[in-house]
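Each residue of the sequence shown is one higher than the one before, starting from 1 at the first, in my numbering.
Notes follow the structure.
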Amino acid sequence: MWRSRVFAFRWRCSWLLIVWSLLWGSVARAQSAPPVLSVGIVPQQAASELARAWIPLLQEVGRRARVQLTFRTASDIPAFEDRVMKGEFDLAYMNPYHYTVFSNKPGYQAFLKEKDRKLVGIIVVPKGSPVQSLEQLQGKRVAFPAPAAFAASILPRAEFTRHHVAIEARFVSSHDSVYKGVASGLFEAGGGIQRTLEAIEPEVSSQLRVLSRTPAYTPHALAIHPGVSAEVAERLRQAFITLDGDEAGRALLEPLNFKGLVAATDSEWDSIRALRLKQPVGSSAVKQ
């Protein structure tokens with residue numbers, strides 16, 4: 001009887017030890033697993049092009065920061081705005097106007113920006129076009145990526161307004177669609193930025209000419225969701241910043257035409273706020 005009780009006690013202790021070991025192992029694995037964070041990239045170009053440029057860079061940054069970064073985008077800029085508005089991304093690469101909107105709600109905070117870059121909007125026309133001034137585009141069809149695309153839409157449209165030129169604006173979802181539409185003759189002109197013009201296929205860019213440039217502003221923000229811890233945010237900041245310090249990192253920056261990334265603070269976008277822009281964002285804005 002006594003022996004059976006001892007045996008039962010030892011059996012229960014053994015099972016408790018096994019259960020405890022399994023639970024502890026699960027907790028330890030959970031604690032050691034790197035956090036998985038999503039990175040939303042504004043779809044200025046086709047998703048396949050963005051993925052080709054961004055995924056290798058994000059993998060390397062994740063390795064350096066001891067986190068796992070997953071690439072995300074959207075079908076077009078208004079859909080991207082909808083997703084950022086809902087706070088779906090842990091990090092988001094967004095244009096300056098987007099940042100002034102989404103820093104209020106849901107509260108994204110800029111922590112990085114492109115190194116040695118000011119954002120300038122451009123207006124392109126077909127290479128063989130006789131148009132030499134904005135005034136010659138009076139009443140013409142001009143393509144833009146989306147209503148709230150800052151340098152490629154808001155700034156160029158402001159230039160037309162400043163020159164008292166009325167145009168027929170058409171929104172075509174991406175920078176690439178603008179360039180292809182202008183090159184094919186579907187539109188007389190279009191708005192974009194130098195970086196995406198340089199990134200598109202040479203057979204398209206070679207058919208275009210830059211007609212006009214806008215004033216320069218603070219570039220896109222790489223902003224972080226308020227739900228990401230300060231400790232993880234700082235690890236990410238340092239990992240991004242170190243990319244231009246070695247050959248492997250510079251090779252990953254090259255497809256984006258980035259010289260590097262540097263630390264940024266919210267106040268650097270105050271010049272955009274000073275414009276007092278009231279452009280609605282999201283898919284509902286396009287339908288208006």
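Note that CB positions come from ideal geometry on N, CA and C, so glycine has one too.
Note that this is a predicted model, so its numbers are computed, not measured.
The three-state secondary structure of glutamine 109, taken from DSSP, is strand. Between proline 219 and lysine 115, the C-beta spacing is not below 7 Å.
Three or more Cβ pairs closer than 8 Å define a contact, and the segment 47-67 falls short of that threshold against the segment 212-229. Assigned with DSSP and collapsed to three states, glutamine 68 falls in strand. Scanning Val262, Pro56, Phe258 and Asn257 for the CA closest to the CA of arginine 237 turns up Val262. In this structure, the beta-carbon distance from valine 39 to methionine 94 does not fall below 7 Å. By the neighbour-count definition (other C-beta atoms within 10 Å, threshold 16), glycine 185 is an exposed residue.
Residue environment for proline 145: buried (at least 16 other C-beta atoms within 10 angstroms of its C-beta). When DSSP states are grouped into helix, strand and coil, threonine 218 belongs to the coil group. In this structure serine 173 is buried. Its beta-carbon is surrounded by 16 or more other beta-carbon atoms within 10 angstroms. Under the 8 Å Cβ criterion, the segment 129-138 counts as touching the segment 163-177, having at least three qualifying pairs. For the pair alanine 79 and arginine 52, the Cα-to-Cα distance works out to about 21 Å. DSSP places arginine 117 in the coil class of the three-state scheme, outside both helix and strand.
Note on lysine 180: 16 or more other CB atoms within 10 angstroms of its CB, so buried under the neighbour-count rule. Under the 10 Å beta carbon count, aspartate 270 is surrounded by fewer than 16 other beta carbons and is classified as exposed. For serine 205, the enclosing alpha helix (DSSP H) stretches over residues 202-205.
In the DSSP assignment, methionine 94 forms a beta bridge with Ala221. Excluding five sequence positions before and after leucine 208, the CB atoms of its chain that fall closer than 8 Å to its own CB belong to Val124, Val125, Pro126, Lys127, Tyr179, Val182, Ala183 and Leu197, given in chain order. Within its own chain, the residues whose Cβ lies closer than 6 Å to the Cβ of proline 226, once the five positions on either side in sequence are excluded, are Gly107, listed in chain order.
In the structure shown, the three-state DSSP call for proline 280 is coil. Excluding sequence positions up to five before and after alanine 46, its CB lies within less than 8 Å of the CB of Ser174 and Asp176, all in the same chain and listed in chain order.
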